[in-house]
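In the order they appear, the protein sequences are chains Y and E. Its first residue numbered 4, the first sequence is counted upward by one per residue in my numbering. Its first residue numbered 479, the second sequence is counted upward by one per residue in my numbering. Below is one structure, written out as structure tokens, with a few remarks after it.
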Amino acid sequence: MLHVVDRKVAYSPVDIAAAESLVVENLSRGNDHPAFSLTVVAGSCVAISGPSGSGKSTLLRLIADLDPGTGTARVGDLKRETIPANQWRRLVTYVAADSGWWTSPVSAHMSDPDAAQHLLAELGMSETLMKATPENISSGERQRLALVRALVQRPRFLLLDEPTSALDPESTLKVEKLLMRVKREGTGLLVVSHDPAQIARIADRRYMLSHAGLAEVTP
Amino acid sequence: MTPINLSVIDLLLAALSLVIASGLSILLTLNIHRSLAIAALRMVAQLLLVGLMLRYVFTISSPAVTLLVLAAMIVAATYEVYSRQQFRFGGWKRFGLGGLPITIATVFVTGLALTTALREAAWLDPQHTIPLLGIILGNVMNGTSLALNAMLTSVQREKRAIEARLSLGDDRYLALGGIRVSATHNGLIPVINQMAGAGIIVLPGIMTGQILAGMDPLDAARYQILLMLLLAGAGTIGVIAATQLCVVAITDERHRLRLDRLTARN
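Here's what the structure looks like:
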């Protein structure tokens, strides 16, 4: 049972148990496009890599129901089509590589500013960033703030499109550490990355996406 | 007071100011005289044709012909809204997005005026209905096309921000809310400015025309107030309806942003 409170979704323990896996079956942009199937277990990290243009971002967007397509997606027994799209996206949240901002300051985007402050500290970022105008901060800061913005809403699954593409190695490791923490707490992660070393560090399962389709890679 | 009848000579003398302006343009190489001349000739031809047509329609005073004229005016305004858009929809939305709001707002407010303040005028009496609907329609058309153009341009520009909001769980109305408010203001600025400046900065056209035609200034002011209220009401209804429809048209039932439904004007 989902309880919608403002922009947050609260879950009872029963819901968390039921929402154990994100299951994607034959998801495709249409008849002429390849279909994808995969499962992300809650509390695990699945990584996807592949050449540019192979459809990695499209796959994440299809799962988040941001693009029309065919196939099914569900969390446990909860089918995507059976709940309003906005509730699905709170449950399964997509974060783009270069996410957009719609107002100023940064704090106005955070549904839980206190939680955001804690996450900023965890990432080694200054709390003054909360008062900044999004256009006036670096792309790396915006990228981490977009992750924080999604995390404070406590989604069950996070779909991250190259979450560290604009970061230096030190900041990248901090983001990975944070992701591993939320993973341990039960959040499922589906991460698109071009960095094999990063995939080796964070992923429990790996997939390679090519024009032929999605194939699981065994280490 | 009786109205001053204007002869062709009077109109030609009035055109003298335009001749002087064109002379200045040539002298100062401003290169505007050609556009001015074409626009002036077009205006004269259009207004004379409309005058002749209206005289004929008024004379025959047929409800069917009046309805036909009103429908033609709405169709022309619908096309005008469409042609002013930088980004355009396909399918029924191509004309429906502008046509539906302007028809609803114009017909509703014209009907309101004809059943209240102008109740003495007979329904479908061309002398009252055509000019009234025409002025309301023109105003709604301007506001609606401004608002739609602002909204569709902003949606293109703010795609990443809108999709970020949708990704975080906002529905389409929330995700497009800021853009919609801004587009609504854009569409209503002309009518708000017109009301704010009426009488102080400029004497509105209709009031000026009526005073020149011999009407008592206070009576002319009353007519102007009535019309401005109707124009503001109709403009606001049209713009609100158009932006609401635009939110629905640019998204789908799963609240996805569907920019693939738009094509940019060449």
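The C-beta atom is built at its ideal place from N, Cα and C for all residues, glycine as well.
Within chain Y, no C-beta atom comes less than 7 Å from the C-beta of residue 632 of chain E; the nearest is roughly 11 Å away.
Three or more pairs of CB atoms, one per stretch, sit closer than 8 Å, so the segment 552–569 of chain E contacts the segment 611–631 of chain E.
Of all residues in the segment 622–650 of chain E, only 636, 637, 638, 639, 640, 641, 642, 643, 644, 645, 646, 647, 648 and 649 place a beta-carbon less than 8 Å from a beta-carbon of chain Y. Secondary structure of residue 209 of chain Y (DSSP, three-state): strand.
A check of alpha carbon separations from residue 713 of chain E across E/729, E/652, E/667 and E/684 identifies E/667 as the nearest. The residue from Y/42, Y/91, Y/58 and Y/74 with its alpha-carbon nearest to that of residue 81 of chain Y is Y/91. Near chain Y, meaning a CB-to-CB distance below 8 Å, the residues of the segment 651–677 of chain E are 656. In this chain, the beta strand (DSSP E) harbouring residue 77 of chain Y covers 73–78. Collapsing the DSSP output to three states places residue 50 of chain Y in a strand. Approximately 13 Å separates the beta-carbon atoms of residue 678 of chain E and residue 702 of chain E; this is outside 8 Å, ruling out the contact. Residue environment: residue 112 of chain Y is assigned as buried (16 or more neighbouring CB atoms within 10 Å of its CB, all protein chains considered). Not flagged as an interface residue toward chain Y: residue 606 of chain E, since no C-beta distance is shorter than 9 Å. The three-state reading of DSSP puts residue 507 of chain E in coil, since its state is none of H, G, I, E or B.
Chain-order list of chain Y residues neighbouring residue 739 of chain E: empty, with the shortest C-beta distance near 11 Å, by a criterion of under 8 Å. Residue 173 of chain Y: member of the alpha helix (DSSP H) spanning 172–187, first to last residue. Contact annotation for residue 96 of chain Y against chain E: 645 and 646 [CB-CB distance below 7 Å, chain order]. Spatial neighbours of residue 216 of chain Y in its own chain (CB-CB distance under 6 Å, excluding positions within 5 residues in sequence) are listed in chain order as 37. CA-to-CA, the gap between residue 507 of chain E and residue 732 of chain E works out to about 57 Å. Residue 85 of chain Y: not part of any alpha helix (DSSP H); DSSP gives it neither H nor E.
Here residue 743 of chain E carries a coil assignment [DSSP, helix/strand/coil]. Considered as a whole, the segment 683–715 of chain E harbours 683–690 as its complete alpha helix (DSSP H) runs of no fewer than 4 residues, in chain order. Straight across, the Cα-Cα distance linking residue 579 of chain E with residue 721 of chain E is about 9 Å. Taking each of E/520, E/664, E/653 and E/627 in turn and checking the Cα distance to residue 743 of chain E, the smallest one comes out for E/627. Around the CB of residue 651 of chain E, fewer than 16 other CB atoms lie within 10 Å, so the residue is classed as exposed.
For residue 164 of chain Y, the uninterrupted beta strand (DSSP E) segment begins and ends at 160–164. Look at the beta carbons and you see the segment 606–615 of chain E not touching the segment 54–70 of chain Y: under three pairs across the two are nearer than 8 Å. Distances from the CA of residue 484 of chain E to each of E/640, E/716 and E/687 were compared; the closest alpha carbon is that of E/687. For residue 145 of chain Y, the secondary structure class from DSSP, reduced to helix, strand or coil, is helix.
Under DSSP, residue 729 of chain E takes part in a beta bridge, and its partners are E/735.
Considering only E/599, E/705 and E/681, the residue with the shortest C-alpha distance to residue 695 of chain E is E/681. By alpha-carbon distance to residue 146 of chain Y, the top candidate from Y/163, Y/131 and Y/64 is Y/163. Straight-line measurement puts the Cα of residue 510 of chain E at about 54 Å from the Cα of residue 88 of chain Y.
Beta-carbon to beta-carbon, residue 144 of chain Y and residue 181 of chain Y are separated by about 15 Å, too far to satisfy the 8 Å threshold. Under DSSP, the beta-bridge partners assigned to residue 676 of chain E are E/680. Inter-residue distance for residue 161 of chain Y and residue 154 of chain Y is about 8 Å (C-alpha atoms, whole angstroms).
Within the model, the alpha-carbon separation for residue 24 of chain Y versus residue 95 of chain Y is close to 11 Å.
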